[in-house]
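Student: Mapping the sequence shown onto this note's numbering, position 83 (from 1) lands on 124, and the numbers just tick up by one.
All C-beta atoms, glycine included, are put in the ideal place defined by N, C-alpha and C.
As the structure is a prediction and not an experimental result, all values here were calculated from the model.
Before anything else, here's the structure in question.
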Amino acid sequence: MILVDTSVWISHLREGNKRLAELLENGRVMCHPFIIGELACGNMKNRALILSLLQSLPMAVQAEHEEVMTFIEQHKLMGKGLGYIDIHLLASALLTGIRLWTLDKRLSKAAESLGIGFKG
Numbered sequence: 042m043i044l045v046d047t048s049v050w051i052s053h054l055r056e057g058n059k060r061l062a063e064l065l066e067n068g069r070v071m072c073h074p075f076i077i078g079e080l081a082c083g084n085m086k087n088r089a090l091i092l093s094l095l096q097s098l099p100m101a102v103q104a105e106h107e108e109v110m111t112f113i114e115q116h117k118l119m120g121k122g123l124g125y126i127d128i129h130l131l132a133s134a135l136l137t138g139i140r141l142w143t144l145d146k147r148l149s150k151a152a153e154s155l156g157i158g159f160k161g
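Set out below in structure tokens:
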């Protein structure tokens, strides 16, 4: 299973992504409430339908605030240009035992260093 980051979804919604379509068809995509929330903040065609479809995907385990704070310290993620939501997604992917696919260079580098990166 793959946790697909907001950056990949934005790219897919704009221009299509064959690899993501294939993963969706094979039931290999997971989502996270923060990803849905980030997408909900933007403008998109078929908004209600897309948000509903995203919410119907299996959800990754959500890390608690305390877990994320400990995760930052344990993995020395401070000062790496990552945001709080980025680190939540990393922690959630690890807790769920899945890989994280992102087009964000810093987040991708962090995912690779944790052994959970996925290159679409």
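(1) Between which two residues does the beta strand (DSSP E) containing L141 stretch?
(2) Which residues does DSSP pair with C72 in a beta bridge?
(3) Pull up the distance between the alpha-carbon of A62 and that of I91, whole angstroms please.
(4) Are the CB atoms of L54 and L130 nearer to each other than 8 Å?
(5) Just list the alpha helix (DSSP H) runs in the segment 98-137, keeping only unbroken ones of 4 residues or longer that don't cross its boundaries, in chain order.
(6) Would you kindly report the start and end of the unbroken beta strand (DSSP E) that includes L44?
(7) Over what stretch of residues does the alpha helix (DSSP H) that includes L23 continue unbroken?
(8) For G27, tell me which candidate among R69, C72, L98 and W50 has the shortest Cα-Cα distance.
(9) May I have the straight-line CA-CA distance separating K121 from R147, to the nearest angstrom?
(10) Report the rounded CA-to-CA distance for L135 versus A151, giving the unit in angstroms.
(11) Check G78 in the structure and name its three-state DSSP category.
(12) Going by the beta-carbon positions, is the gap between M119 and I113 smaller than 8 Å?
Tutor: Straight from the coordinates:
(1) Taking the first residue of the sequence shown as position 1, residue 141 is located at position 100. Start and end: R140 to W142.
(2) Numbered from 1 along the sequence shown, position 31 holds the residue referred to as residue 72. In the DSSP assignment, C72 forms a beta bridge with M100.
(3) Looking up residue 62 in the sequence shown gives position 21. Looking up residue 91 in the sequence shown gives position 50. Approximately 14 Å, taken between the alpha carbons.
(4) The count along the sequence shown starts at 1 and reaches residue 54 at position 13. The count along the sequence shown starts at 1 and reaches residue 130 at position 89. In this structure, L130 does not lie closer than 8 Å to L54 by Cβ.
(5) 106-115 and 125-137
(6) Residue mapping note: residue 44 aligns to position 3 of the sequence shown, counting from 1. Looking at the DSSP string, the run of the beta strand (DSSP E) that includes L44 is I43 to V45.
(7) This structure does not reach residue 23, given that the chain is present from 42 up to 161, and the question cannot be answered.
(8) Given a span of 42 to 161 for the chain in the structure shown, any question on residue 27 remains unanswerable.
(9) Taking the first residue of the sequence shown as position 1, residue 121 is located at position 80. Taking the first residue of the sequence shown as position 1, residue 147 is located at position 106. Using only the alpha carbons, I get a separation of about 7 Å.
(10) For the purposes of this step, residue 135 is identified with residue 94 of the sequence shown, where counting begins at 1. For the purposes of this step, residue 151 is identified with residue 110 of the sequence shown, where counting begins at 1. The alpha-carbon separation between L135 and A151 amounts to approximately 12 Å.
(11) If you number the sequence shown from 1, residue 78 lands on position 37. Three-state DSSP puts G78 in a helix.
(12) Walking along the sequence shown from the start, residue 119 turns up at place 78. Walking along the sequence shown from the start, residue 113 turns up at place 72. For M119 and I113, yes; Cβs fall inside 8 Å.
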